[in-house]
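> Take a look at the following structure, please.
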Amino acid sequence: MLNKEEVKHIAKLARLGLSEKEIEKYQKELSSILDYIEKLKEVDVSSVEPTSHPLKVENVMRLDEERVKAGSVNPENLAEMAPDKKEGYVKVKQILNQ
Amino acid sequence: MILTELTISQIGEGLKKKDFSVQEICQSFLKKIKEKNKEIFAFLKVTEEEVLLKAKKADGLISKNKEVPLLAGVPLAVKDNMQVQGIQCTAGSKILENYIAPYDATVVKRIKEAGGVILGKTNLDEFAMGSSTENSAFGPTRNPHDTSRVPGGSSGGSAAAVAAGFCPYAFGSDTGGSIRLPSSFCGVVGLKPTYGAVSRYGLIAFASSLDQIGPITRSVEDCRIVFNAIKGKDEMDSTSVEYPKSGNQKLEIKNLKIGIPKEYFVKGIDPEVEKAIKSAIKKYEELGAKMIEVSLPHTDYALAAYYIISPSEASANLARYDGIKYGFSKDGKELIDVYLKTRGEGFGAEVRRRIMIGTYALSSGYYEAYYLRAQKVRTQVIRDFEKVFQKVDAIFCPVSPILPFKIGEKIDDPLSMYLVDVYTVSVNLVGLPALSLPVGSVRGLPVGLQIIGKPFEEEKILQIGEAFEKTWKI
Chain A
1 MLNKEEVKHI AKLARLGLSE KEIEKYQKEL SSILDYIEKL KEVDVSSVEP
51 TSHPLKVENV MRLDEERVKA GSVNPENLAE MAPDKKEGYV KVKQILNQ
Chain B
1 MILTELTISQ IGEGLKKKDF SVQEICQSFL KKIKEKNKEI FAFLKVTEEE
51 VLLKAKKADG LISKNKEVPL LAGVPLAVKD NMQVQGIQCT AGSKILENYI
101 APYDATVVKR IKEAGGVILG KTNLDEFAMG SSTENSAFGP TRNPHDTSRV
151 PGGSSGGSAA AVAAGFCPYA FGSDTGGSIR LPSSFCGVVG LKPTYGAVSR
201 YGLIAFASSL DQIGPITRSV EDCRIVFNAI KGKDEMDSTS VEYPKSGNQK
251 LEIKNLKIGI PKEYFVKGID PEVEKAIKSA IKKYEELGAK MIEVSLPHTD
301 YALAAYYIIS PSEASANLAR YDGIKYGFSK DGKELIDVYL KTRGEGFGAE
351 VRRRIMIGTY ALSSGYYEAY YLRAQKVRTQ VIRDFEKVFQ KVDAIFCPVS
401 PILPFKIGEK IDDPLSMYLV DVYTVSVNLV GLPALSLPVG SVRGLPVGLQ
451 IIGKPFEEEK ILQIGEAFEK TWKI
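And the structure:
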């Protein structure tokens, strides 16, 4: 069973702001899911390589050139999507305390 | 002739013979949507004005050309996690409520080039995470066969739209069963293609090593038509591959060896579902197919591995929703406050749950015990299937252990919802193609047979499905 502090720690790592009530709810739910997943420990994987991907392709290379046809996507439209912006730039809050 | 009940090939035929126009076809689907979408809630957005404009254009093109391409003028619906340029793409989430797609997904581009007319965007579990479409931020979709029940998920909007006569076909995406489960619950045909067969470019990522786009249709033939139109390598998705050329060999059912995995018929399956599946298997035996009992010993562990691997990949993929670049944003004093508030309020309960499971499984100290172990179990699941496919041409099993359940029945018990995916997740872990074929019903609720094939043998499983359809006129 996860304790409250562990749930708070996970939520912070995941950048999810949760209320005390939500933390309690997730403590129960996550614990029951993790209990179920415990069954993975029954499998003997001592001489098994991990699989990260169903296809055996790696390092697909391409030339470092523009792939999107000019004019098909307007960069200004992309910048316009930012919730906080100024003069074509995306605005971000301060990250350092003075 | 009821236009809203036609298949793609019937619509194509009718357009060719000038029985009706694209405008008439589109009008009848729009009318049906207007009448019934309020009740079913399959569509999140209907682009009526554009549909009428495109339909008019398509009629002009068809009247000029002698050869009418198969999908030209045929309307469709797109799951709202695939981008259609200039239209909202919410992924069923509050965090993308106001997001307008700046470009077309490759499947959308290909279907537009083939002349398809997009009617609108369909409802889904938020970020495709769920088995009932109840996790949509905009409300649940209802099963057209019984509106007190779920349509399955996560492509519940797409499957319900096809079943309700809102469109002849729709795109779904499948990470752990999200095309097959709703197809089974709604009594329509759904194909989850081989991993890499269809480009994922423009699909909002959930778990990138598992996600595939595929068609949901009214007939197996339609599934083939749409799959052939969207498959193949795309330079915008480096995990898409050149689809191997296959001959047009006609399959003989009597020469087929079919594997029946014994682990899929154990306690947990509804006896009535089991009966419907066994009766379908018997019908194939009547056609001469040979049934062989096989074993997939890691079946139980596959579900546990899936519920580590998919949330882990999701926790990384969903890190991009930060309230800075696009979408929903909550103001805060410092950047960290913006992140916490935006993501805490923007994501729904299930998405937050999975992000946390994934974050935990990837976090220092737990990585080996959870994520790495799950990846090794994934290898074991792959070996299980490789072994079985040395002996058989395809595998038959149920899509779901249970019938469509009541709305609200499982939503407060996440684990019970996960268990619904027990027969579908292995296919994604291995990257195999699988078809969900309606083969019967129990008290008016559809039951789907799952036909699993070897990689890139879509044609084989489609022909197997077609044999049932032709013989028993479903």
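Just so you know, the sequences run in chain order A and B. Residue numbers in the first sequence follow my numbering, run continuously in steps of one, and reach 98 at the last position. Residue numbers in the second sequence follow my numbering, run continuously in steps of one, and reach 474 at the last position. Cβ atoms here follow ideal geometry from the backbone N, Cα and C, with glycine treated the same way. For clarity, every value in this text was computed on a predicted model and none was experimentally measured.
1. For the alpha helix (DSSP H) that GLY17/A lies in, which residues bound it at each end?
2. Output the distance between the C-alpha atoms of ASP104/B and PHE127/B, rounded to the nearest integer angstrom.
3. List, in order along the chain, the chain B residues whose C-beta lies closer than 8 angstroms to that of LEU55/A?
4. Please confirm if GLY344/B has its CB atom under 8 angstroms from at least one CB of chain A.
5. Just to confirm my understanding: we take LYS8/A, look at its own chain, exclude 5 residues before and 5 after, and list those with CB closer than 7 angstroms. What are they?
6. Using only alpha-carbon positions, find the residue among GLU13/B, ILE118/B, SER209/B that is nearest to GLY176/B.
7. Within a Cβ cutoff of 8 angstroms, which residues of the same chain sit near LEU119/B, ignoring the five residues on either side of it in sequence?
8. Which residues of the stretch 82 to 100 of chain B have a Cβ closer than 8 angstroms to any Cβ of chain A? Give them in chain order.
9. Output, in sequence order along the chain, the residues in the stretch 12 to 41 of chain A whose CB is closer than 7 angstroms to any CB in chain E.
10. Label ASN143/B either buried or exposed according to how many other C-beta atoms from any shown protein chain fall within 10 Å of its C-beta, with 16 as the threshold for buried.
11. Of all the options VAL68/A, LEU16/A, GLU20/A, VAL48/A, which has the alpha carbon lying nearest to the alpha carbon of ASN3/A?
12. Using a Cβ-Cβ distance cut-off of 8 angstroms, determine whether LYS93/A contacts chain B.
13. Take GLU458/B as the anchor and find which of PRO398/B, GLU272/B, GLU221/B, ARG443/B has the nearest alpha-carbon.
14. Is the beta carbon of ASP125/B closer than 8 angstroms to that of SER158/B?
15. What does the alpha-carbon distance come out to for the pair GLU133/B and LYS64/B?
16. Which runs of the beta strand (DSSP E), 3 residues or longer, sit entirely within the stretch 386 to 424 of chain B?
17. Does the stretch 375 to 395 of chain B come close enough to the stretch 61 to 68 of chain A that 3 or more CB-CB pairs lie under 8 angstroms?
18. Looking at chain A, which residues of the stretch 280 to 309 of chain B have a Cβ within less than 8 angstroms of any of its Cβ atoms?
19. Out of ILE87/B, LYS245/B, VAL188/B, state which residue places its alpha-carbon closest to the alpha-carbon of GLY440/B.
20. Do VAL427/B and ALA434/B have their C-beta atoms closer together than 8 angstroms?
21. Taking the beta strand (DSSP E) that GLN450/B falls in, what are its first and last residues?
22. Within the same chain, show all residues whose beta-carbon is closer than 6 angstroms to that of PHE385/B, passing over the 5 residues directly before and after it, in chain order.
23. Please list the partners that GLN375/B has in chain A, where partner means a Cβ-to-Cβ separation under 7 angstroms.
24. With C-beta atoms as the reference, is ALA197/B less than 8 angstroms away from LYS231/B?
25. Which residues, taken in chain order from the stretch 65 to 86 of chain A, show a beta carbon closer than 8 angstroms to some beta carbon of chain B?
26. Can you tell me whether TYR89/A is buried or exposed? The criterion is at least 16 other CB atoms within 10 Å of its CB, across all chains shown.
27. Could you name the residues of the same chain whose beta carbon sits closer than 7 angstroms to that of VAL425/B, not counting the 5 residues immediately before and after it, in chain order?
28. Let me check understanding here. Comparing Cα to Cα, which of ARG352/B, THR106/B, THR90/B lies closest to TYR99/B?
29. Helix, strand or coil for VAL442/B per DSSP?
30. Cutting at 8 angstroms between CB atoms, please list the residues of its own chain near GLN23/B, excluding the five before and the five after it.
31. Please classify LYS278/B: does DSSP put it in a helix, a strand, or coil?
32. If you pair each beta-carbon of the stretch 344 to 360 of chain B with each one of the stretch 310 to 329 of chain B, do three or more pairs fall below 8 angstroms?
33. Can you confirm whether ILE324/B, when its beta carbon is compared against all beta carbons of chain A, has any partner nearer than 8 angstroms?
34. State yes or no: is the C-beta of LEU71/B within less than 8 angstroms of the C-beta of GLY116/B?
35. Can you list the residues of chain A that LYS341/B reaches, using a CB-CB cut of under 9 angstroms?
36. Output needed for ASN317/B: all residues of its chain with C-beta closer than 8 angstroms, excluding positions within five of it in sequence on either side, in chain order.
According to the structure shown:
1. Taken as a continuous stretch (DSSP letters only), GLY17/A belongs to no alpha helix (DSSP H), as it is neither H nor E.
2. 18 angstroms
3. For LEU55/A, the chain B residues whose C-beta falls within less than 8 angstroms of its own C-beta are TYR195, GLY196, THR239, VAL241, GLY431, listed in chain order.
4. yes
5. Excluding positions up to five away in sequence, the list reads ILE23.
6. SER209/B
7. CYS26, PHE29, LEU30, ILE33, PHE43, VAL46, THR47, VAL51, PRO75, LEU76, ALA77, PHE166, CYS167
8. Taking 8 angstroms as the cut-off between beta carbons, the residues of the stretch 82 to 100 of chain B near chain A are TYR99, ILE100, in sequence order.
9. Protein chains A and B are contained in the structure displayed, whereas chain E is not.
10. ASN143/B comes out buried.
11. GLU20/A
12. yes
13. Comparing Cα positions, the closest option is GLU221/B.
14. no
15. Correcting the residue type first, residue 133/B is Thr in the shown sequence and not Glu. Straight-line Cα distance between these residues: approximately 42 angstroms.
16. 394 to 398
17. A contact between stretches requires three or more CB pairs, one per stretch, nearer than 8 angstroms, and the stretch 61 to 68 of chain A fails this requirement with the stretch 375 to 395 of chain B.
18. HIS298, ASP300, TYR301, ALA304, ALA305, TYR307, ILE308
19. VAL188/B
20. In terms of Cβ geometry, VAL427/B and ALA434/B form a close pair [threshold 8 angstroms].
21. For GLN450/B, the enclosing beta strand (DSSP E) covers residues 445 to 452.
22. VAL430
23. PRO50, THR51, SER52
24. yes
25. ARG67, VAL68, SER72, VAL73, ASN74, ASN77, LEU78, MET81, ALA82, PRO83, ASP84
26. exposed
27. Closer than 7 angstroms at Cβ, skipping near neighbours: GLY176, GLY177, ALA302, LEU303, TYR306.
28. THR90/B
29. strand
30. LEU52, ALA55, LYS56, ASP59
31. helix
32. Taking one beta carbon from each stretch, the stretch 344 to 360 of chain B and the stretch 310 to 329 of chain B have 3 or more pairs nearer than 8 angstroms; the two touch.
33. Chain A contact via Cβ: present.
34. yes
35. Chain A residues near LYS341/B: GLY17.
36. ALA205, PHE206, ALA207, SER208
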